[in-house]
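Enquirer:
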Amino acid sequence: MFKAISFQEALKLNNPVFIDLRSPSEFSRGSIPGSVNIPLLDDQEREMIGLLYSQNQQKARLKGISFVSPKLPEITGQIEKISRQGVPVLYCWRGGMRSKSLHALLAEIMDFPIYRLEGGYKAYRRFILDRLNGYKLTMPLFVLNGLTGTGKTEVLKIMGSLGCPVLDLEALAGHRGSAFGHLGLPKPRYQKDFDSLLWNRLEELKNSEYLIVEGEGKRIGSIHLPDFLYQGILNGNHILLKSPLANRVERLLQEYTPRTEEEIEAVIRAIQSLKKYLKGTAEQFISLAREKKFPELVAGLCSTYYDRLYKDSKPENTSFILEVDSRSPLEAALKIKGFIEEKAGKYLTANPR
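Numbering-wise, this note's numbering puts 300 at position 13 of the sequence shown, and it's gapless, one number per residue.
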C-alpha cells in the first residue's frame, strides 16, 4: 500500500516504523518516539531552502531537488532495510513537500508497503496534546513523598522492577526536578518529547488497578506537567519515606558528587541560581564546592534549603496513609508493595482522596 494515513491508522499497522525526514535539528527538538531520522536536507541546506523559498518558490524546489538527488540511493537503501523489520511510515513537518515527493518516488520503485503520515509531525503533536488535555485518570495514584535524599526515585525504580505499575516522571523528563537535577544526566528532554513519552506510558498503564508516582511540583526542570496529572498527584494517596540526614547525605553524594572541574562549575552555577533563597549562605556553599568538601555542602543544602522547601511545599492538611523507613530502598519498596496489595483495597476501589 502507498497512501497517506493518520497517526491512529498507523498504530494499527503491524509494527510501524516511523521515518522522520526532517533535518537533524528539527528531529532533536521533538519527534515521534522510536522514529528513525533519515533527513532529506541537513540543517544548513534546510536554512538555505527556507530563505530561497521566501523569494522564489520554484527556485527553492529546484534547489531542493539538487540537494536531495545525490542522496536518494542511500536514503532508499536505508528505507528498504527498515522495511525488513516493519512497515515504513514517512513523515516531515506538515506532511508537505518532503514526505510527499519521496513517498511518490518510492511508490514507483519499491515493492513493499510504505505509508505517509498525513499532516506530518504537526498533526501528530496535535493528537498528543488533544489526548493529554482530555485525559482522565481512572485509577488511584499512590504518591511517594519524602525529604531530598530519602531515595524516592530509587524506591520507585525498584517497585517497577518488582512489576508494580510505575510512572517515572523524572525519567521521562530527563531531569531530577531540582536546581541540581540535570547534573550527571544527558541533555534534558524538550516538552514535546516528554508529552509524547508520557502519553505512551499512560497507554501502557491504562489497564492498571493503580499507579505509583513520585511527588512532583507543577514543573520538573523546564518540563510542565499536564494539569490532570498535577492535580492527580496533589489529590493522591500519599506515602512518606523517612531516612536520617546522614543516610540522605550518603545517598546524595553517590548520585551527585562531581567528578571533574567542569561538573564542579555546574554545581556552583546551580548554587548561584538559588542565591536569593539561601539567606546569605550561598558564598559559603560555593566555597565548600571549590574546596571539594562535598559532604558538608550536601548536608548544608539539605538542612538549610531543601528540607525547608519541601515542608513549605506541602499543604498543611497532607496526610499519609503509610510511613516507611527508606534506609534500605529494597525493604521500603517491598513494604509499600505489600501494603498496597494487602491492605489498600479501599484505595483501589475509590477515587484518590
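Glycine included, every Cβ here is placed at the ideal spot set by N, Cα and C. Model, not experiment: these values are computed from the prediction.
With contact counted as at least three CB pairs below 8 Å, one residue from each stretch, are the region 355-373 and the region 393-404 in contact?
Expert: Taking 8 Å as the limit for Cβ pairs, the verdict is that the region 393-404 does touch the region 355-373.
Enquirer: Secondary structure at Arg640, three-state DSSP: helix, strand or coil?
Expert: Legend: pLDDT at Arg640 = 45, less than 50; position of this residue unreliable, no value from coordinates given.
Enquirer: For the alpha helix (DSSP H) containing Arg595, name the first residue and the last one.
Expert: Residues 594-600.
Enquirer: Taking the alpha-carbon positions, what's the Leu498 to Pro427 distance?
Expert: Spanning the two alpha carbons is a distance of roughly 6 Å.
Enquirer: Tell me the start and end of each unbroken alpha helix (DSSP H) in the region 335-413 that is at least 4 residues and wholly inside, in chain order.
Expert: The region 335-413 contains these whole alpha helix (DSSP H) runs: 344-355, 359-369, 384-396.
Enquirer: Identify which residue in Asp599, Glu501, Thr605 has its Cα closest to the Cα of Ala460.
Expert: Ala460 has its Cα closest to that of Glu501, out of Asp599, Glu501, Thr605.
Enquirer: I'd like to know whether the C-beta atoms of Gln478 and Ile510 end up nearer to each other than 8 Å.
Expert: Taking 8 Å as the Cβ cut-off, Gln478 and Ile510 qualify as a contacting pair.
Enquirer: Hey, how far is the Cα of Phe305 from the Cα of Ser386?
Expert: Each residue's alpha carbon lies about 12 Å from the other.
Enquirer: Going by DSSP in three states, Lys444 sits in which element: helix, strand or coil?
Expert: Correct three-state label for Lys444: helix.
Enquirer: Who are the Cβ neighbours of Pro545 in its own chain at under 6 Å, not counting the five residues just before and after it?
Expert: The answer, listed in chain order, is Ile551, Val554.
Enquirer: With DSSP collapsed to three states, give me the class of Ile319.
Expert: Residue state, collapsed to three classes: coil.
Enquirer: Buried or exposed: which applies to Glu576, given that a residue is buried once 16 or more other Cβ atoms fall within 10 Å of its Cβ?
Expert: Note on residue identity: the sequence assigns Ala, not Glu, to residue 576. Ala576 should be labelled buried.
Enquirer: So what does DSSP say about Ile325, is it helix, strand or coil?
Expert: In the structure shown, Ile325 sits in coil (DSSP, three-state: anything other than H, G, I, E or B).
Enquirer: Given a cut-off of 8 Å on the beta-carbon distance, is the pair Tyr411 and Ile319 in contact?
Expert: Cβ distance < 8 Å, so Tyr411 and Ile319 count as in contact.
Enquirer: Quick check on DSSP: helix, strand or coil for Asp307?
Expert: In the structure shown, Asp307 sits in a strand (DSSP, three-state: E or B).
Enquirer: Quick one: what's got a C-beta closer than 6 Å to Val376's C-beta in the same chain, skipping five residues either side?
Expert: For Val376, where only same-chain residues beyond five positions count, the Cβ hits under 6 Å are Ala297, Pro303, Phe305, Tyr402, Leu404.
Enquirer: State the Cα-Cα distance for the pair Lys624 and Val453, rounded to the nearest angstrom.
Expert: Roughly 11 Å separates the two Cα atoms.
Enquirer: What residue range does the beta strand (DSSP E) around Leu609 cover?
Expert: Looking at the DSSP string, the run of the beta strand (DSSP E) that includes Leu609 is 607-612.
Enquirer: Leaving aside the five residues before and after Arg418 along the sequence, list all residues of the same chain whose C-beta is less than 7 Å from its C-beta, in chain order.
Expert: Only Trp486 meet the Cβ criterion.
Enquirer: By DSSP's criteria, His511 is part of a beta bridge. Which residues make up the other side?
Expert: Answer is Arg506, bridged to His511.
Enquirer: Mind reading off the beta-carbon distance from Ile526 to Val611? Whole number of angstroms is fine, and I expect it under 8 Å.
Expert: Indeed, because the Cβ distance is near 7 Å, the residues count as touching under 8 Å.
Enquirer: From Glu332 to Glu583, what distance separates their C-alpha atoms?
Expert: Cα to Cα, the separation comes out at about 52 Å.
Enquirer: Could you tell me which residues DSSP puts in a beta bridge with Phe432?
Expert: For the sequence presented, residue 432 should be read as Asn rather than Phe. Note: Asn432 sits in a beta bridge opposite Leu527.
Enquirer: How close, in whole Å, do the beta carbons of Gly433 and Ser613 come, if the pair is a contact with beta carbons under 8 Å?
Expert: Confirmed, Cβ separation roughly 7 Å.
Enquirer: In terms of alpha-carbon separation, which member of Glu537, Phe581, Arg538 lies closest to Ile558?
Expert: Ile558 has its Cα closest to that of Phe581, out of Glu537, Phe581, Arg538.
Enquirer: Opposite Glu618 in the DSSP bridges: which residues?
Expert: Glu618 is not bridged to any residue.
Enquirer: Considering just the uninterrupted stretch of the beta strand (DSSP E) at Glu496, what are its terminal residues?
Expert: Here Glu496 belongs to no beta strand (DSSP E), and DSSP marks it neither H nor E.
Enquirer: Flag this pair as yes or no: are the beta carbons of Ala619 and Val442 separated by less than 8 Å?
Expert: Yes, these two residues count as a Cβ contact at 8 Å.
Enquirer: Roughly how many whole angstroms lie between the Cα atoms of Arg640 and Ala533?
Expert: Any answer about Arg640 is weak, because its pLDDT of 45 lies below 50 and its placement is not dependable; what the coordinates show is given next. Using only the alpha carbons, I get a separation of about 34 Å.
Enquirer: What residue range does the alpha helix (DSSP H) around Asn534 cover?
Expert: Here the alpha helix (DSSP H) through Asn534 covers 532-543.
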